[in-house]
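Number of protein chains: 2
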Amino acid sequence: MPGVTDDNTSTAQPFRQLRVGIAGLGLMGGSLALALRGQVRLLHGLDRDAATRRRALREGVVDSAEAMLTAGSPPLDLLVLALPVRAIVQMLDNLPALRPAGCGVLDLGSAKRVVVAAMSALPEHFEAIGGHPLCGKETSGLAAASADLYRGQRFVLCPTARTTGAIRDRALALIEAIGARPILLDADEHDVILAATSHLPYVISATLMRSVVEKRQWSLSASGFRDVSRLAGGEPQVMLDILLTNRDELLAALARYRADLDFFQEALERGDERALAGWIAAAHAAHAAYRREGGIA
Amino acid sequence: MPGVTDDNTSTAQPFRQLRVGIAGLGLMGGSLALALRGQVRLLHGLDRDAATRRRALREGVVDSAEAMLTAGSPPLDLLVLALPVRAIVQMLDNLPALRPAGCGVLDLGSAKRVVVAAMSALPEHFEAIGGHPLCGKETSGLAAASADLYRGQRFVLCPTARTTGAIRDRALALIEAIGARPILLDADEHDVILAATSHLPYVISATLMRSVVEKRQWSLSASGFRDVSRLAGGEPQVMLDILLTNRDELLAALARYRADLDFFQEALERGDERALAGWIAAAHAAHAAYRREGGIA
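Shown next as C-alpha cells:
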C-alpha cells in the first residue's frame with residue numbers, strides 16, 4: 001500500500017534508505033534538498049508552482065516532484081514541511097486523510113506553538129516533531145537556495161505529543177546530514193525567545209525601511225542602514241504567517257521594546273545627557289556581552 | 298611663524314606637499330591616516346590617549362603625535378577633526394587662539410549643522426569645510442582602523458561661510474586620495490536625511506539589543522538579530538554627541554517611525570490580516586527598490 005511506513009522498523013531504517021518528501025521548494029526547502037542530495041534514497045518535492053518544480057527537476061534538486069501531496073503520491077518515510085506556518089498547520093490538518101497509514105513529519109516553521117499543537121492532534125500512528133533551523137536570507141525562492149545554508153547553524157527541535165524516539169533520532173540524523181547543530185526546546189519557550197530575537201527584529205527592520213521609502217532617503221545611507229533594514233526583504237507570506245501565529249509573544253516583546261524607546265525619547269526631549277549616556281552605555285555593554293557569549297560574527 | 302598658511306598659495310600647493318594634522322586617532326582618524334600614508338608630506342596625530350599615540354607612532358600610522366594642538370604644534374596646512382561632534386565644535390571654538398594665522402579645516406562628524414555653524418563662526422582667514430564619510434564599523438579605536446575603510450564609500454562635503462575654492466579642492470583631493478566618492482550637500486539636508494538613515498537606525502538597533510540582554514535571549518538568535526542589533530556596538534561618546542547635536546531631526550524621524558509602528562501594532566492586535574499583509578508587502582517592495590536603486594550590497 002503506498003504511503004505505508006512500518007513504525008516498528010523505522011528506528012532501524014538507515015538514514016540513507018529514507019524516502020524524504022519536502023513540501024515547499026523555496027529558500028528553506030530547496031536548500032534542504034540541496035543539502036540532502038545524495039544522502040537519502042529519494043527526494044520528492046511538493047510545490048504548487050510549476051516553474052519551481054521544473055527548475056528543481058532540471059537542476060536535480062529533487063528526484064521527483066508534484067504540485068501537492070495526494071493519496072497517490074509515492075511512499076515517504078519522512079515528510080518535511082518547508083512552508084509558511086499557517087500552510088504547515090493546514091497540511092497537518094489534511095495529513096490523516098492523505099496518509100491514512102501515517103508517516104514521519106518534521107517542519108521548518110519559525111513559530112512553533114501552533115505547529116506543535118497541530119502535530120500533537122495527529123492520529124497516534126503518526127510520528128511528528130517540530131523543527132526550526134535558525135538561518136535564512138533576505139532573499140527567497142529556489143533561486144536563492146544553497147546547499148550550505150544550514151551548515152554550522154542551530155536547528156531547534158520541539159517535542160510534540162507525537163514525538164517518538166524514532167522520529168527524534170531521524171530528525172537528529174537529518175540535522176547531522178546537513179551540517180547543522182540540534183537544540184531541543186519546548187515550543188512555548190521557543191516562541192517567547194524567537195519573538196524577541198527574530199520576529200520583533202523583522203518588525204523594526206521593516207518599519208525602518210518603510211520610513212525612508214517615500215523620499216528615497218536611502219540615497220544617503222551606508223552599511224548600518226543596509227544591515228538594520230535587511231530583514232524587510234523577508235518573504236511576505238512567510239512573515240505574515242509568523243506574525244499572526246506568534247502574535248501574543250510578539251506583542252509582549254513589542255511592548256517591552258516600546259517602553260524602552262519611550263524612555264530614550266523622553267530623555268532626548270529633555271536633553272538629559274546623563275540618562276542618555278547611561279542608556280547608550282548599557283546598549284554598548286550588551287552588544288559586547290552578545291559578541292562574547294556567542295553572538296555570531 | 299609656525300602654523301602659517303598663506304591662503305594665496307594654498308590652491309597651488311600640491312597635495313603631496315601638505316602637512317596634515319588629524320585630531321583623534323580612533324577608527325575614523327586612524328583609518329584616514331593609514332589611507333593617506335605616503336601621500337602627503339607630514340601626518341601629525343593629535344590624541345589625548347598616550348597608549349594610542351604610542352601605538353600610532355610605533356606602527357607608523359603618523360609621523361609625529363602629541364596630546365593636543367597648542368600654539369607650539371608644527372605648522373599644518375590641513376587639520377582634520379576626527380572627534381565626537383561636540384569635541385569638534387569645542388576644538389573649532391578654541392582654534393583661533395591656537396592658530397592665530399588660520400589654517401585649513403575639515404571634519405568627519407556625523408551631524409553637520411552644528412559643525413558648519415561653528416566653522417562659519419571662525420575668523421575670515423580660516424578656510425573650513427564640513428565633511429562626513431558614510432562608512433564606519435561597530436568596533437572602534439585605532440586597533441579597528443584600516444587603510445581601506447573609505448575606499449568606494451561616499452564622503453559628504455558641506456559648505457560653510459568659510460569654504461573657499463581652495464579648501465574645497467583640497468578636501469576633494471583628500472577624498473580622491475583615500476578612494477572615496479564626494480557628494481556636495483547642504484548641512485540642513487544632510488542632517489534630515491542622516492537622522493533617518495543613520496541616527497534612527499542606531500536608536501532602534503540599540504533598543505533591540507537592550508531588550509534581550511536581561512534574559513540573554515540572544516542565545517537563540519541568528520544572522521537577522523546580529524545585523525539588526527549591530528549598531529548598538531557604536532562608540533558611546535560618538536553616538537551621544539550625534540544624538541544630542543541632531544536632536545530635533547532625530548526626534549522628527551523617530552515620531553514618523555513610531556506612528557508607523559503604532560499602525561502595525563494596532564493591526565496585529567486586531568488580527569487584521571489585510572492591513573498586515575499590505576504593511577508587509579510595502580516593506581518588501583521598499584527593500585527591493587532600495588536594492589535596485591543603489592542600496593549597497
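Chains as they are written, first to last, in our numbering: chain R, 1 to 297; chain Y, 298 to 594. Quick reminder that beta carbons are idealized off the backbone N, C-alpha and C, glycines included. Source: prediction; values computed, not measured.
Cβ shell of residue i (< 6 Å), same chain only, five flanking positions each side left out
{"i": "residue 377 of chain Y", "result": "319, 403"}
{"i": "residue 349 of chain Y", "result": "322, 439"}
{"i": "residue 281 of chain R", "result": "none"}
{"i": "residue 332 of chain Y", "result": "444, 447, 475"}
{"i": "residue 47 of chain R", "result": "25, 53"}
{"i": "residue 395 of chain Y", "result": "366, 368"}
Spatial distance of residue i from residue j (CA atoms)
{"i": "residue 129 of chain R", "j": "residue 251 of chain R", "result": "26 Å"}
{"i": "residue 274 of chain Y", "j": "residue 551 of chain Y", "result": "It is not possible to answer for residue 274 of chain Y, since the shown part of chain Y is limited to 298 through 594."}
{"i": "residue 91 of chain R", "j": "residue 262 of chain R", "result": "42 Å"}
{"i": "residue 104 of chain R", "j": "residue 506 of chain Y", "result": "38 Å"}
{"i": "residue 131 of chain R", "j": "residue 61 of chain R", "result": "21 Å"}
{"i": "residue 257 of chain R", "j": "residue 184 of chain R", "result": "27 Å"}
{"i": "residue 362 of chain Y", "j": "residue 221 of chain R", "result": "33 Å"}
{"i": "residue 300 of chain Y", "j": "residue 398 of chain Y", "result": "Only weak support exists for where residue 300 of chain Y lies, its pLDDT of 40 falling under 50; the value from the coordinates is given anyway. Rounded to the nearest angstrom, the two C-alpha atoms are 7 Å apart."}
{"i": "residue 160 of chain R", "j": "residue 172 of chain R", "result": "15 Å"}
{"i": "residue 568 of chain Y", "j": "residue 502 of chain Y", "result": "27 Å"}
{"i": "residue 326 of chain Y", "j": "residue 385 of chain Y", "result": "13 Å"}
{"i": "residue 336 of chain Y", "j": "residue 225 of chain R", "result": "32 Å"}
{"i": "residue 234 of chain R", "j": "residue 571 of chain Y", "result": "18 Å"}
{"i": "residue 292 of chain R", "j": "residue 536 of chain Y", "result": "22 Å"}
{"i": "residue 365 of chain Y", "j": "residue 177 of chain R", "result": "60 Å"}
{"i": "residue 313 of chain Y", "j": "residue 243 of chain R", "result": "58 Å"}
{"i": "residue 71 of chain R", "j": "residue 84 of chain R", "result": "22 Å"}
{"i": "residue 471 of chain Y", "j": "residue 334 of chain Y", "result": "12 Å"}
{"i": "residue 412 of chain Y", "j": "residue 406 of chain Y", "result": "8 Å"}
{"i": "residue 586 of chain Y", "j": "residue 151 of chain R", "result": "30 Å"}
{"i": "residue 477 of chain Y", "j": "residue 216 of chain R", "result": "22 Å"}
{"i": "residue 32 of chain R", "j": "residue 147 of chain R", "result": "7 Å"}
{"i": "residue 74 of chain R", "j": "residue 223 of chain R", "result": "48 Å"}
{"i": "residue 170 of chain R", "j": "residue 509 of chain Y", "result": "33 Å"}
{"i": "residue 430 of chain Y", "j": "residue 437 of chain Y", "result": "15 Å"}
{"i": "residue 186 of chain R", "j": "residue 78 of chain R", "result": "22 Å"}
{"i": "residue 158 of chain R", "j": "residue 123 of chain R", "result": "18 Å"}
{"i": "residue 163 of chain R", "j": "residue 511 of chain Y", "result": "32 Å"}
{"i": "residue 524 of chain Y", "j": "residue 125 of chain R", "result": "43 Å"}
{"i": "residue 58 of chain R", "j": "residue 563 of chain Y", "result": "45 Å"}
Reduced DSSP secondary structure (H/G/I, E/B, other) of residue i
{"i": "residue 454 of chain Y", "result": "strand"}
{"i": "residue 566 of chain Y", "result": "helix"}
{"i": "residue 324 of chain R", "result": "One cannot answer for residue 324 of chain R here, as it falls past the ends of chain R, which runs 1 to 297."}
{"i": "residue 132 of chain R", "result": "strand"}
{"i": "residue 465 of chain Y", "result": "helix"}
{"i": "residue 322 of chain Y", "result": "coil"}
{"i": "residue 228 of chain R", "result": "helix"}
{"i": "residue 152 of chain R", "result": "coil"}
{"i": "residue 337 of chain Y", "result": "coil"}
{"i": "residue 294 of chain R", "result": "coil"}
{"i": "residue 327 of chain Y", "result": "helix"}
{"i": "residue 141 of chain R", "result": "coil"}
{"i": "residue 216 of chain R", "result": "coil"}
{"i": "residue 243 of chain R", "result": "helix"}
{"i": "residue 419 of chain Y", "result": "coil"}
{"i": "residue 46 of chain R", "result": "strand"}
{"i": "residue 19 of chain R", "result": "strand"}
Residues of its chain near residue i, where Cβ-Cβ distance is below 7 Å and the 5 sequence neighbours each way are ignored
{"i": "residue 434 of chain Y", "result": "324, 441"}
{"i": "residue 197 of chain R", "result": "none"}
Other residues of its chain near residue i: CB distance less than 8 Å, five sequence neighbours each side excluded
{"i": "residue 231 of chain R", "result": "138, 201, 202, 205, 206"}
{"i": "residue 63 of chain R", "result": "42, 43, 44"}
{"i": "residue 347 of chain Y", "result": "364"}
{"i": "residue 485 of chain Y", "result": "410"}
{"i": "residue 191 of chain R", "result": "111, 112, 113, 246, 249"}
{"i": "residue 56 of chain R", "result": "25, 30, 33, 45, 47, 62, 65, 142"}
Any chain A beta carbon closer than 8 Å to residue i
{"i": "residue 204 of chain R", "result": "The displayed structure is made up of protein chains R and Y, and chain A is not among them."}
What are the uninterrupted segments assigned as beta strand (DSSP E) that are 3 or more residues long and contained completely in the segment 473-508 of chain Y, given in chain order? Every beta strand (DSSP E) of 3 residues or more that sits fully in the segment 473-508 of chain Y is shown, in chain order, as 478-481.
Check distances from the C-beta atoms of the segment 355-387 of chain Y to those of chain R and list, in chain order, the residues that come in under 7 Å. Correct list: empty, as no residue qualifies.
Please give the ranges of any beta strand (DSSP E) in the segment 48-109 of chain R, keeping only runs that are unbroken, at least 3 residues long and fully inside the region. 64-66, 78-81, 104-107
Anything in the segment 431-463 of chain Y with a Cβ closer than 8 Å to a Cβ of chain R? List those residues in chain order, please. Of all residues in the segment 431-463 of chain Y, 431, 432, 433, 435, 450, 451, 453 have a Cβ within less than 8 Å of some Cβ in chain R.
Looking at chain Y, which residues of the segment 222-244 of chain R have a Cβ within less than 9 Å of any of its Cβ atoms? 222, 223, 224, 225, 226, 227, 228, 229, 230, 231, 232, 233, 234, 235, 236, 237, 239, 240, 243, 244
Using a Cβ-Cβ cutoff of 8 Å, what residues of the segment 247-264 of chain R are near chain Y? List them in chain order. 247, 250, 251, 253, 254, 256, 257, 258, 260, 261, 264
Determine which residues of the segment 171-194 of chain R have a Cβ less than 7 Å from any Cβ of chain Y, and write them out in chain order. Per Cβ criterion, the list reads 193, 194.
Positions along the segment 274-289 of chain R whose CB lies within less than 9 Å of some CB in chain Y: 276, 277, 279, 280, 281, 282, 283, 284, 285, 286, 287, 288, 289
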